[in-house]
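**Q** Per my numbering, the sequence shown starts with residue 3, numbered consecutively.
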Amino acid sequence: LRMGTALLPWLSCFNVDEKNQMSFSGPVEDMFGYTVQQFENSEGKWVLIGSPLTGQPAKRTGDVYRCPVGQNKNTGCEKFLLPENTTIPNINEVKENMTMGTTLVVNPDGSGFLACGPQYGYMCGKQQYITGICSNVSSSFKVLNSIAPTVRECKQDMDIVIVLDGSNSIYPWNPITEFLVKFLQSIEIGPARVGIVSYGDDVGHVFNLSQFSNTKDLLEEAALIPQRTGHKTMTALGIDTARKEAFTVARGARPGVKKVMVIVTDGESHDHYNLKNVTDQCERDGIERFAVAVLGDYNRQNKTNEEIKKFIDEIEFIASELKSDHFFNVSDETALVTIVDALGSKIFALEATSEKHTSSFEMEMSQSGFSAHTSKAGVMLGAVGAFDWNGTVVMQSGQEFVVPKKNTFHDPAEQRYEGMTGYIGYDVQSAHTPHGVLYITGAPRFNHSGRVTVYRFDGENVTITQTLKGEQIGSYFGSVLQTHDIDRDSYTDILLVGAPMYMGPERDEQGQVYVYRLNEDGLFEHEMMLKPVNQTCCTAHSQSNCKSVSKNEPCGARFGTAIAAVPDLNLDGFSDIVIGSPLENDHRGAVYIYHGSQKSIKEKYVQRIAAGGDGESMKFFGQSIHGIMDLNDDGIIDVTIGGIGGAALFWSRDVAELLAEMTFDPSKINLQQTCQVQGRTTVCVKTKVCFKYRIKSDKDTNTGTVIRYSLTLDSLRAIARGRFNETDNRRLLKNESIVDRLCREHTFYTSDKLDFRDPIMVTLEFGLMDEDSGPVLDGELPTSLNKTIALVDCGNNDKCVANLHLKATANISRLLIKSNQEKFYVNIDIHNSGDNAYNTKVTLSHTENINYVKVEPKDKDCETNHTRIVCAVGYPFLKTDKKESFKIQFEPNPFHIRKDIVINVTATTDSEESDSDLKDNFVSIIIPVQHEANLRFTVNKYMKQDHIIFKEKETIPSVFNHTSVIGDEVKISYTIERDPEMQSPPLLLKIMFPYQTSVKNFLLYLTDVSYTTGISCDASRLINPLGIKPDKPYTVNPKKETLSVYLLSCKEEGNPCESFSCSIPPGDFNQINTTFRVWRPTFIKGEFSNIHMAVDAKLESKDTGLFVLNDNVKIREVKIQVTKDIRSGIPLWIIILSILIGLLILALVIFALWKAGFFKRKSVEDMKEDMKDSN
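1. With distances taken Cα to Cα, identify the nearest neighbour of Thr882 among Lys856, Val925, Gly836.
2. How big is the Cα-Cα spacing for Gln1028 and Thr965?
3. Quick check on DSSP: helix, strand or coil for Pro177?
4. Pick from Asn109, Lys81, Ser148: whose alpha carbon is nearest that of Glu95?
5. Is Phe888 helix, strand or coil when you go by DSSP?
6. Considering only DSSP beta bridges, list what Gly582 is partnered with.
7. Under DSSP, the beta strand (DSSP E) around Val1151 begins and ends at which residues?
8. Could you tell me if Val163 is buried or exposed, where buried requires 16 or more neighbouring beta carbons within 10 angstroms of its beta carbon?
9. State the Cα-Cα distance for the pair Gly629 and Ser654, rounded to the nearest angstrom.
10. Spatial neighbours of Val741 within its chain, please: C-beta separation below 6 Å, excluding the five flanking residues on both sides.
11. Where does the unbroken alpha helix (DSSP H) through Ser975 begin, and where does it stop?
12. My understanding is that Ser871 touches Ile890, with C-beta atoms under 8 Å, so please give their C-beta distance in whole angstroms.
13. Given Ser1065, which residues of its chain have a CB within under 8 Å of its CB, disregarding the five upstream and five downstream residues?
14. On the DSSP bridge assignment, give the partners of Tyr751 in chain order.
15. Taking the alpha helix (DSSP H) that Asp161 belongs to, which residues open and close that run?
16. Going along the chain, which residues of its own chain have a beta-carbon closer than 6 Å to the beta-carbon of Gly601, five neighbours each way excluded?
17. For Gln129, list the residues DSSP reports as bridge partners.
18. Who are the Cβ neighbours of Val875 in its own chain at under 7 Å, not counting the five residues just before and after it?
19. Under the three-state reduction of DSSP, which class applies to Glu285: helix, strand or coil?
20. Can you have a look at Met531 and say buried or exposed, based on whether 16 or more other CB atoms are within 10 angstroms of its CB?
21. Is the separation between the beta-carbon of Asn853 and that of Phe826 shorter than 8 Å?
22. Quick one: complete beta strand (DSSP E) runs, 3+ long, within the region 881-933?
23. With a floor of 4 residues, list each alpha helix (DSSP H) that falls wholly inside the region 292-351, ordered by position along the chain.
24. So for Ala649, helix, strand or coil by DSSP?
25. Go through its chain and collect everything with a Cβ distance to Arg245's Cβ below 8 Å, but skip five positions before and after it.
26. Just to confirm the assignment, what range does the beta strand (DSSP E) spanning Thr538 have?
27. Over the uninterrupted alpha helix (DSSP H) stretch that includes Glu86, give me the two end residues.
28. Using a Cβ-Cβ cutoff of less than 8 Å, which residues in the same chain neighbour Thr77 once the five nearest sequence positions on both sides are dropped?
29. Is the shortest distance between the beta-carbon of Asn279 and the beta-carbons of chain C less than 8 Å?
30. Would a C-beta distance cut-off of 8 Å place Phe962 and Val1038 closer than the cut-off?
31. Thinking just about the alpha-carbon of each residue, which of Tyr840, Arg980, Asn99, Tyr607 is nearest to the one in Asn672?
32. Could you tell me whether the Cβ atoms of Thr376 and Pro177 are closer together than 8 Å?
33. Give every residue of the same chain whose Cβ lies closer than 7 Å to the Cβ of Phe939, excluding the five residues on either side of it in the sequence, and list them in chain order.
34. Per DSSP, which residues does Trp48 bridge with? Please list them.
35. Please report how far the alpha carbon of Asp694 lies from the alpha carbon of Glu659, in whole angstroms.
36. Determine the contact status of Val342 and Phe214, defining contact as a CB-CB distance below 8 Å.
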């Protein structure tokens, strides 16, 4: 191991000195530096360093090193040899891999320290258990005692009876005896006894429990056991015989010893009807049962999957709970040897478990000392492996240690599987309040996202007062805890909870720390989140813009792996926090320092110390941090930071206050008050700078220091309007010695032609000459100062008295906002009737419901800042009797809704103005506003057919026993949507529909109204008003009447319509769905041919003062068309009469044609003869 004086240079931004530290190095493979602590005793001051894997490669027991600190102590680090001196008597200890030094904490009174090896174990028979151990070391580095509160006495005695199926279906028998021999080889006869019962058609005892005194004899006889044979498989009889007879004192059973039964069978039992009764008896007798199903005979006979499953279910039923630990199945007899190890490990685990079942561990794998915390209230030891890795916290009560009950921190009845393997005790802390001590533990795997539990402890019982839950799966929230008293009043102020594996935006483990404030009620309230500098992960597969490629995985920071509470580092009276981020810079690591303030810490870190190592011989800088004492006697707390492969002690430097003042003579530049410089007439100003210097530590002597300061004229301008006499330049640099106070005076003169656009700015910058040694300046105080000196031109009396007159009017008196494109102007006139008004400004402050658009004329100098507009008028001054006019354009801001627009206009000047003249320097403009709601109101009708057709003689049911038989279904959906960027008022939708005719026949029967969340409707009285349902049928008795559109219209007063209203909250999307049934009997009985019914909906704004609705979105109408098909037979007499009338008409037509000579015309032949004669 080596000690050095330089290790991790980077940058220096506050008082932890990164250039002159003391370093310690050790093997990376030993994890040297995993934990660090500062310690002081009569021999001197030390850095204690944990190295959990020291002893490579054979034992790896781990250890703690003590490294001397101070003058003339360069002897190197020395091991304590704690594993050799830490022991528990009368048990078979296993110290290999005990990881001593994983946990390292100094006692709060400095009387010693506690070092823990959570992997310390012991043997119970052939089973090893990991309970953990801690070494209590005195201030003189002597081991006072070893603390292992979770070590339990081995319970090795066990009676094992094997119930063996020897029926004829077992074939061949040789694999059975091979299985027995291999299984029995690992059993130590003495603490354990073995008996064997074999069965087939009947049952027989092969070996009694007391028959063998050593394993060798047992194995020789087991190899010769013959097959019992038999045509039946009497499994229930075999189990019951073993229960009644094999576990008796006469056959060697021992009272109080654990009873174990192993059943091996290859087929369904012929007495399966007795299995439940037999297994219940075994359960009452406390016999734990392991069952093995051999599927050889089933496979040889090609049994179906259903038959195999039935057999497996039966044998699984025999086994104890949990089935996964107690039931095994193999494909055939030869495969039995493959389960020997698994079966044996489950059975032999019973040797040390404190419950009767092998699957239930309490303290056997507890790893007590995985975390530790010492306080005035006592010692807390985290035991993450307790209770099947649910974890617990071992609490000190007086001189004893108390292990809370199994479900103290996790109630499976309430939390089910959330707390399974939650690792309670991963870290532990305590908080001191006026009402007593609060104890805190983290469980980073609770519900996969982590949880922190806050509780009280009265010496016996734990009472949980609060739980804090993580927000990201796998973030390991609660793995690191730290409380701190920031204001140093002896009471805890904050709790910091680390989540070092919190995934950042690039899906890498950036980590973050949650800060909680302790309120007056003793509860922690979330205050802020701390995050590291974002680490860009550059791998070989990353984009080409990466400057360097990371060699190590995982990428990220793991910010919050270590959190240290340190006393006041910067001497401001408040305690501070240091947080480790060991994966930064490709696993080189970094730490962040946060200063305290009042009762919390500041969200922004003040110093980041990054490792300069190679990430291999020294890596994970920030893995451990400790800083509670002054190790070099300079009165300031120093910080020790550990990594893997080394640690470094960083000295803190003193903090100094350097305060500055600057004054001018004269206080204003008056062009009429001149001086002579280099033969020229100009204006001169004397600048006086004064400094106060103080050391913040408790040192009695202040030897002073050298400061540097600079003065700069018009630092924001390209060309300055003045120069210092000493340098004939705009800039002046000085170095001066100071003890406590220093004043110096410097004169500057102005240029020939001044512009009066703004005052001359003088910038003073100052600091310490030597920044690498000695004190550092208080980072909370400024190191620069800017002051301006005004330029005035008001005569020799140097007094300007202006008189401003302001007029401001809007070009509108009220505004209706429809599309947010409306614009309006405010016209401004300002007049000065007094002396020159320097730095005249017009300021407009307006409500958030409007936005600034532009100013006219464009060259007017106006600056905007949210709801404030400042316009410069007449720079550098508004002359006497000068008037300026301009106008500013505004437009509505859709994200803010108000009933009016308020614009306050104010005129100001740096010149004086009498109180009586100020009354016209302010104008308030108020414009009433209404907004047209930007809504889309749509309606949709859903029917099977476009219109409904009834037949006149259609049958009418006598009763309705369900609404579905009333008639055709009509669904009407009303949708109100708005632009997501716009606000809207609360609305009222009124829906009116034809309900009954004048003779009380139903028309539309409302059966359902549904709507989106937030809407409320008063339609319950109208939904199925008759209560029609199967157990309450309605008798149908319609009356005949004439129907018309006029009679069914809801627009006509007096017609029997009904309506209901729905209140609709503002929202992007709202929908109301109504369902009607057309009352069939009314239309079958009624007289009409074609009519329609109208359902009307009217939308109204409930906030008419602020919102109005466009007329085209107010009304929606849905028409339901109904047609009646009149198709009846024509009577016979009408047909006969029609035929007779038709014949009569035909006869009259023939008679008329005859009378007219129609039938006397010549024939064709006669006409041909006449034509021949004429030729």
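Quick reminder that beta carbons are idealized off the backbone N, C-alpha and C, glycines included.
**A** The short version:
1. Working through the sequence shown from its first residue, we reach residue 882 at position 880. If we check each option's Cα against that of Thr882, Gly836 comes out closest.
2. Your numbering for residue 1028 matches position 1026 in the sequence shown. Your numbering for residue 965 matches position 963 in the sequence shown. Correcting the residue identity first, residue 1028 is Leu in this sequence and not Gln. Rounded to the nearest angstrom, the two C-alpha atoms are 10 Å apart.
3. Residue 177 sits at position 175 when you count from the first residue of the sequence shown. In this structure, Pro177 counts as helix in the three-state DSSP scheme.
4. As a first step, residue 95 must be located in the sequence shown, where it is residue number 93. Ranking Asn109, Lys81, Ser148 by Cα distance to Glu95 puts Ser148 first.
5. As a first step, residue 888 is located in the sequence shown; it is residue number 886 there, counting from the start. Phe888: strand per DSSP, three-state reduction.
6. Numbered from 1 along the sequence shown, position 580 holds the residue referred to as residue 582. Its beta-bridge partners are Ala564, Val593.
7. Residue mapping note: residue 1151 aligns to position 1149 of the sequence shown, counting from 1. Careful: Val1151 lies outside any beta strand (DSSP E), inside the alpha helix (DSSP H) at 1134-1157.
8. Here residue 163 corresponds to residue number 161 of the sequence shown, with the count starting at 1. Buried: at least 16 other Cβ atoms inside 10 Å.
9. Here residue 629 refers to the residue found at position 627 of the sequence shown. Here residue 654 refers to the residue found at position 652 of the sequence shown. Cα to Cα, Gly629 sits roughly 10 Å from Ser654.
10. To locate residue 741, count along the sequence shown from 1; it is residue 739. Gly706.
11. As a position in the sequence shown, residue 975 is number 973, starting the count at 1. Per DSSP, Ser975 belongs to no alpha helix (DSSP H); it is in the beta strand (DSSP E), 971-980.
12. Position 869 of the sequence shown, counted from the start, is the residue given in the question as residue 871. Position 888 of the sequence shown, counted from the start, is the residue given in the question as residue 890. Position check: residue 871 holds Ile in this sequence, whereas Ser was assumed. With 8 Å as the limit, Ile871 and Ile890 qualify as a contact, their Cβ atoms being about 7 Å apart.
13. The residue labelled residue 1065 in the question sits at position 1063 within the sequence shown. Sequence-distant partners of Ser1065 (beyond 5 residues in either direction) whose C-beta falls short of 8 Å from its own C-beta, in its chain, are Pro988, Leu989, Leu990, Ile1017, Ser1018, Cys1019, Lys1104.
14. Locating residue 751 in the sequence shown gives position 749, where the first residue counts as 1. In the DSSP output, where bridge partners are listed per residue, Tyr751 has Cys686, Arg725.
15. Translated into positions along the sequence shown, residue 161 becomes position 159. Counting along the chain, Asp161 falls outside any alpha helix (DSSP H), though it belongs to the beta strand (DSSP E) covering 160-167.
16. As a position in the sequence shown, residue 601 is number 599, starting the count at 1. Sequence inspection shows Lys at residue 601; the Gly mentioned does not correspond to that position. So the list reads Ile488, Asp489, Asp495, once near-sequence residues are dropped.
17. Residue mapping note: residue 129 aligns to position 127 of the sequence shown, counting from 1. The partner list for Gln129 (beta bridge, DSSP) reads Cys126.
18. Counted from its first residue, the sequence shown places residue 875 at position 873. Hits under 7 Å: Ile832, Thr842, Lys843, Val844, Glu886.
19. The residue given as residue 285 occupies position 283 in the sequence shown. If DSSP states are grouped into helix, strand and coil, Glu285 belongs with the helices.
20. In the sequence shown, the residue the question calls residue 531 occupies position 529. Exposed is the call here.
21. Taking the sequence shown and counting its residues from 1, the one referred to as residue 853 is at position 851. Taking the sequence shown and counting its residues from 1, the one referred to as residue 826 is at position 824. No. Outside cutoff.
22. 884-894, 902-910
23. 298-302, 307-320, 325-328, 342-350
24. In the sequence shown, counting from the first residue as 1, residue 649 sits at position 647. Here Ala649 sits in strand by DSSP.
25. Here residue 245 refers to the residue found at position 243 when the sequence shown is read from its first residue. Answer for Arg245: Met263, Val280, Gln283, Cys284, Asp287, Ile289, listed in chain order.
26. Sequence index remark: in the sequence shown, residue 538 carries index 536 (1-based). First-last for Thr538: undefined, no H or E at that position.
27. Translated into positions along the sequence shown, residue 86 becomes position 84. Taken as a continuous stretch (DSSP letters only), the alpha helix (DSSP H) holding Glu86 covers 84-87.
28. Along the sequence shown, one-based indexing puts residue 77 at 75. Closer than 8 Å at Cβ, skipping near neighbours: Pro70.
29. In the structure shown, chain C does not exist; there is a single protein chain.
30. Your numbering for residue 962 matches position 960 in the sequence shown. Your numbering for residue 1038 matches position 1036 in the sequence shown. Yes.
31. Residue numbering aside, residue 672 sits at position 670 when the sequence shown is read from its first letter. Here the closest residue by C-alpha is Tyr840.
32. Within the sequence shown, numbered from 1, the residue matching residue 376 stands at position 374. Within the sequence shown, numbered from 1, the residue matching residue 177 stands at position 175. No; because the gap between Cβ atoms is not below 8 Å, this pair is not in contact.
33. Here residue 939 is taken as the residue at index 937 of the sequence shown, counted from 1. Contacts found: Ile978, Leu1101, Val1115, Arg1118.
34. By 1-based counting over the sequence shown, the position of residue 48 is 46. Answer by DSSP bridge pairing, in chain order: Phe41, Pro70.
35. On the sequence shown, residue 694 is found 692 positions in, with the first residue counted as 1. On the sequence shown, residue 659 is found 657 positions in, with the first residue counted as 1. Here the sequence assigns Lys to residue 694, which means Asp is not the residue at that position. One C-alpha to the other measures close to 8 Å.
36. For this step, residue 342 is matched to residue 340 along the sequence shown. For this step, residue 214 is matched to residue 212 along the sequence shown. No; because the gap between Cβ atoms is not below 8 Å, this pair is not in contact.
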